[in-house]
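>
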Amino acid sequence: MSKTSRTSITMPSSAKKGSIIEIRAIAQHDMESGFRYTESGKLIPRDIIRVFTCTYNDVEIFKADFYSGIGANPLIIFTTIATETGVLEFKWSGDNGYEAVNQANITVS
Amino acid sequence: MSKPQFLWFLAATMILNSATLLAASDSSKSKPQSSYELMSSENKAMQDDPSLNPAMFWVGDGEVLWNKPEKNNQSCASCHGDAKKSMRGIATAFPKMMKGKLQTLEGQINQCRVSAQGASALAYESKDLLSLTAYIAYQSKGMPIAIKETPENKSAMQKGRQSFYQRMGQLNLSCAQCHEDRAGLKLGGSPIPQGHPNAYPIYRLEWQTLGSLQRRLRNCMSGVRAQQYEYGSPEMAQLELFLAWRARGLPLESPGVRP
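Chains A and B are the protein sequences, given in the same order.
Using my numbering, the final residue of the first sequence is 1323, and nothing's skipped along the way.
Using my numbering, the final residue of the second sequence is 285, and nothing's skipped along the way.
Next comes the structure, spelled out in structure tokens:
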């Protein structure tokens, strides 16, 4: 069973070479912790995003492991240095075959 | 201070006190305050910036549903066209009397689904109903709530007002005791808001998801250990109507973020 969801990236579309750019990546996900019970007392199985990675022209520049304690619809804000024109690719993957991919272009001058 | 002087002083202070009290309740009535004003700057930023507001995911889902044909090949857009135009300002007028029945925005969406689209009604708090509500309410963002007391809604308004001032539950509290008399004070460290429904559906951090006004009202009812009104019940619609009228003029913030 594989599933995906909405994601959103916010970052500048152009930057000066060597400048620091801020990247915001948010994914729509319930992040079910695996510690909660239904009203009838049944354990709700864990269903979370496990790993988030960001590559810049196929080079990994940021990676984060997610755990049960992270809230729903996790937002990650991080920075990187604009080195060259190209594509940033973002990938979230998690339990039950969850996978979401998004990308953004940047022009460096 | 001689005795008569003291009495005069006492009387004057009492008059002054009641004057300030009157002024305070007057200003709270004439100018409702959104609970947005009570939030931290981080939470405000989360609501204001679409790239931070998680509720925008539901707005996106709502847009997809708006254009999705149902059983008899009718989508919302088949009748209503572009929501950005046709739904602008719509949410500011709900709950509204429709063919003699008081309808909330959620109720009207379901009414349309059943009668015009040949589809089944969506469950309250289901993702689809919240998404459509959020998408429609979002088209009125920034527009003031425009509920008036009319001959048609007068009796519903009266019942809603009654609910608001009615003590209920084991704690024997009315909505007004907190959200009118004690608004601006604190309850367990959290500020008590005036209780205006101007940002629904809201992404509540406590819920970790989007929720309707009725979910929020049921929260308060269970908080005072009262029997909760059912989702979609006439009592809920009447209370929603009175609350909207009470908040008239306040701009809609939908979809809002609340702690």
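Positions of the beta carbon are idealized from the N, C-alpha and C atoms, including for glycine.
Only a predicted model underlies this, so the values are computations on that prediction, with no experimental measurement involved.
Classify Thr130(B) as helix, strand or coil using the three-state DSSP reduction.
Correct three-state label for Thr130(B): coil.
> Closer than 7 Å, CB to CB, is Gln73(B) near chain A or not?
No, Gln73(B) lies away from the interface with chain A (no Cβ there is under 7 Å from its Cβ).
> By the criterion of Cβ-Cβ separation under 8 Å, what are the contact partners of Ala1286(A) in chain B?
Those are Pro80, Gln234 and Thr235, listed as they occur along chain B.
> Out of Ile171(B), Thr159(B), Gln240(B) and Pro285(B), point me to the one whose CA is closest to Asp87(B)'s CA.
The residue with the shortest Cα to Cα distance from Asp87(B) is Thr159(B).
> Out of Thr1293(A), Leu1289(A) and Ile1320(A), which has the shortest C-alpha to C-alpha gap to Gln234(B)?
That would be Leu1289(A), whose Cα lies nearest to the Cα of Gln234(B).
> Taking C-beta pairs closer than 7 Å, name the residues in chain B that Ser1222(A) reaches, listed in chain order.
Near Ser1222(A) (Cβ distances below 7 Å), the residues of chain B are Ser77.
> From the DSSP secondary-structure annotation, give me the bridge partner or partners of Asp1279(A).
Val1265(A).
> Step through the CB atoms of chain B and report whether any lies within less than 7 Å of the CB of Gln1317(A).
No - not a single Cβ of chain B is within 7 Å of the one on Gln1317(A).
> For Gln100(B), collect the residues of the same chain with a Cβ closer than 8 Å to its Cβ; drop the 5 residues on either side in sequence, then sort them by chain order.
For Gln100(B), where only same-chain residues beyond five positions count, the Cβ hits under 8 Å are Ala142, Gln143 and Gly144.
> For Gly86(B), which residues in chain A fall below 7 Å Cβ to Cβ?
Within 7 Å Cβ-Cβ: Arg1220.
> Can you tell which of Ile1234(A), Asn1316(A) and Asp1309(A) has its C-alpha closest to the C-alpha of Asp1279(A)?
Among Ile1234(A), Asn1316(A) and Asp1309(A), the Cα nearest to that of Asp1279(A) belongs to Asp1309(A).
> Can you tell me whether Gln1317(A) is helix, strand or coil according to DSSP?
If DSSP states are grouped into helix, strand and coil, Gln1317(A) belongs with the strands.
> Check this for me: beta carbons of Ile1234(A) and Thr1293(A), under 7 Å apart or not?
Yes, the pair counts as a contact, with Cβ atoms nearer than the cut-off.
> With a 10 Å radius around its C-beta and 16 neighbouring C-beta atoms as the bar for buried, classify Ser67(B) as buried or exposed.
Exposed, because fewer than 16 other Cβ atoms sit within 10 Å of the Cβ of Ser67(B).
> If the criterion is Cβ atoms closer than 7 Å, does the pair Lys174(B) and Leu278(B) meet it?
Cβ atoms of Lys174(B) and Leu278(B): not closer than 7 Å.
> Check each residue of the region 1238-1265 of chain A: if its Cβ is closer than 8 Å to any Cβ of chain B, include it; give the result in chain order.
Listed by position, the residues of the region 1238-1265 of chain A near chain B (Cβ gap below 8 Å) are Arg1238, Ile1240, Gln1242, Asp1244 and Met1245.
> Can you tell me the Cα-Cα spacing of Tyr253(B) and Gln1317(A), whole angstroms?
Looking at the sequence provided, one finds Gln at residue 253(B) rather than Tyr. Rounded to the nearest angstrom, the two C-alpha atoms are 49 Å apart.
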